[in-house]
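Participant: I'd like to ask you about the structure that follows.
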Amino acid sequence: PTLSVVMELMHDSLFNRLRATPQLTSAEKLKIAIDIANGLVYLHNQGIVHRDIAARNVLLTVENIAKITD
Numbered sequence: 116p117t118l119s120v121v122m123e124l125m126h127d128s129l130f131n132r133l134r135a136t137p138q139l140t141s142a143e144k145l146k147i148a149i150d151i152a153n154g155l156v157y158l159h160n161q162g163i164v165h166r167d168i169a170a171r172n173v174l175l176t177v178e179n180i181a182k183i184t185d
């Protein structure tokens with residue numbers, strides 16, 4: 116059998132956005148930090164420890180919604 120993974124199309128990584136011009140606003144950075152914290156809470160509730168949270172492992176949608184990846 117053939118296996119496939121279907122994912123949401125992501126716009127950019129947090130790493131790239133932190134280095135880009137124009138910079139993220141303080142409000143955008145706070146929202147992204149809250150999204151990451153909520154994602155970690157969900158993972159921990161599932162018994163999963165990420166162990167490599169870094170800007171390159173956080174993807175952003177066009178609306179700057181952060182998604183944890185690795």
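The numbering of the sequence shown is my numbering, which starts it at 116 and goes up by one.
Yeah, the Cβ is synthetic: ideal placement off N, Cα and C, and Gly gets one too.
Owing to the predicted nature of the structure, the values given are computational and were not obtained by experimental measurement.
For V164, name the three-state secondary structure that DSSP assigns.
Facilitator: Looking at V164 - three-state DSSP - the assignment turns out to be coil, as it is neither helix nor strand.
Participant: Distance, Cα to Cα, R132 vs Y157?
Facilitator: In a straight line, the C-alpha of R132 is about 24 Å away from that of Y157.
Participant: Just how far apart, CA to CA, sit A152 and H165?
Facilitator: Their Cα atoms are separated by approximately 12 Å.
Participant: Between I168, H159, N179, N172, which has its C-alpha nearest K146's C-alpha?
Facilitator: Among I168, H159, N179, N172, the Cα nearest to that of K146 belongs to N179.
Participant: So, with DSSP's three-state summary, where would you put V173?
Facilitator: Strand, per DSSP.
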